[in-house]
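In our numbering, the protein residues as written are 1495 to 1985. Reading through the structure tokens given below for one structure.
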Ligand code: GAP
């Protein structure tokens, strides 16, 4: 038997078709030929998503007495996006091919070139040199230099094949719409491009109503929208996606310590997903966003290479100060702890912020990529194979499948007894159609860690066969032990 271990390279196209075939993720509006870079979660995808959300929420809100959650609206006052800098700065350098009229994000065009000249998964010297040049030019906002690099390297459009390019220009990524019926400029509002601003503008509400003491955090999970020009990589880069963000408000001067704390804490969370450490790396930002004094990404080794899954940013007091200026409302905190240097309370200040921001959909793609395995189970007598999703039980959509061996002789009734005993604790799935082998394979493809088979012996001695997804081994155990076995795997 040859198995694909979780570290073997995975094929994104296979993962995408598996997700569709088994009810995880569908292209949006598919019967109308789809909508680019928008996806719907199906019956099992939504369970996977919920499990990952719950893990994050628990690690942030339940495990920290000083972090609380909120759920702010997607629509917000338009001035918020002026204050945050998104109206003026939330843009990417773009370039258009004059022959095909296709528009590219400059960094994507150059990255694709670097991968092409490297001819493999990892970048060779030439590829790395091009990326280094690009990063240096981006850091200086040197658009003429970026265009020159594209021309010097003769980077071509994938549609026209030419290198007939426009100048590099900035393109704002926010979606706008009208509030009410009058199309005046004051009515223009934006679909939020990040959930973070909903946290900043509620800082005073939460701090006062919750009597929160700095340092404290506010966590939020919600939709964000970006008009990505080149949306690629399935649910990696979408136009409508979900973020799980936490803003941690700290005393000015302590931000470096908290930045390091959250880098470590977030990596620990990632490792607790059962993904080996070598599949992750930190990437420190060369070009800092307008609000940051330090920033890094946690990157995961996706089927298309190492890419960002989460950002950790030290955002200074930029956001709260901006909202104070634009709203003309005081956004400060009075710290009555004693400053040892002066012997007096720290007094009034605008807190600094450490942000952890993970894309939920990207995290789902990471978990799917890690779990997806194609296994050849052939023996000299018979060709056989399976696709199995080796999710850790705590994120698996279905925890337990209950399978009566036959549709008669009281086996379904016995199986239903087990379903009723377990269903209030975790998601169970009942299936009596098809051969037991086919049912096992289907559960493997959905990532169900445990299958229990009810047979005639179960009626006599109340024992069942439990089958373990990854090893495919089976064990005969008393039926009343099944629930505890499954629960133990979820801890
Ligand atoms: N509040 C900070 C912020 O939004 P970001 O680096 O722009 O920072 C944070 O986004 C995370 O959101 C990223 O690490 C990524 O996981 C996710 N994300 C960003 N754009 C995305 C997109 N178009 N599709 C899916 N996920 C996206």
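Glycine included, C-beta positions come from ideal geometry on N, C-alpha and C.
Name the DSSP beta bridge partners of residue 1839, please?
1832
So, is residue 1542 buried or exposed, given that buried needs 16 or more other C-beta atoms within 10 angstroms?
buried
Could you tell me whether any non-hydrogen atom of ligand 1 is closer than 7 Å to the CB of residue 1712?
no
I need the boundaries of the beta strand (DSSP E) containing residue 1713, first residue and last residue.
It spans 1710-1719 - the beta strand (DSSP E) in which residue 1713 sits, taken as one unbroken run.
Alpha-carbon to alpha-carbon, residue 1804 and residue 1775
11 Å
Expressed to the nearest angstrom, what Euclidean distance is found between the alpha-carbon atoms of residue 1961 and residue 1800?
The alpha-carbon atoms of residue 1961 and residue 1800 are separated by roughly 35 Å.
Spatial distance of residue 1668 from residue 1759 (CA atoms):
Cα to Cα, residue 1668 sits roughly 31 Å from residue 1759.
Okay, do the stretch 1682-1701 and the stretch 1609-1629 touch, 3+ Cβ pairs below 8 Å being the bar?
no
Start and end residues, beta strand (DSSP E) containing residue 1801:
Per DSSP, the unbroken beta strand (DSSP E) holding residue 1801 starts and ends at 1799-1808.
Between 1877, 1952, 1564 and 1556, which has its C-alpha nearest residue 1703's C-alpha?
1564
With respect to 7 Å, is the separation between the Cβ of residue 1851 and the closest non-hydrogen atom of ligand 1 below this value?
yes
So is residue 1950 buried or exposed if we call it buried at 16+ other beta carbons inside 10 Å?
exposed
With DSSP as the reference, please indicate the residues paired to residue 1666 in a beta bridge.
1585
Starting from the C-beta of residue 1556, find all residues in its chain whose C-beta is less than 6 Å away, skip the five residues before and the five after it, and write them out in chain order.
none
To the nearest angstrom, how far is the alpha carbon of residue 1976 from that of residue 1898?
15 Å
Got a sec: does ligand 1 put a non-hydrogen atom nearer than 7 Å to the Cβ of residue 1732?
Under cutoff, so the answer is yes.
For ligand 1, is there a heavy atom less than 7 Å away from the beta-carbon of residue 1555?
Checking the Cβ of residue 1555 against ligand 1 gives no.
How close, in whole Å, do the beta carbons of residue 1712 and residue 1695 come, if the pair is a contact with beta carbons under 8 Å?
Contact doesn't hold; Cβ gap of about 11 Å is too wide.
Would you call the stretch 1636-1646 and the stretch 1543-1553 touching, i.e. three or more CB-CB distances under 8 Å?
no
How about the stretch 1914-1929 and the stretch 1569-1578: do they share at least three Cβ pairs that are nearer than 8 Å?
no
Proximity test, residue 1556 beta-carbon vs ligand 2 heavy atom, cut-off 7 Å
This structure does not include ligand 2; its bound ligands are ligand 1.
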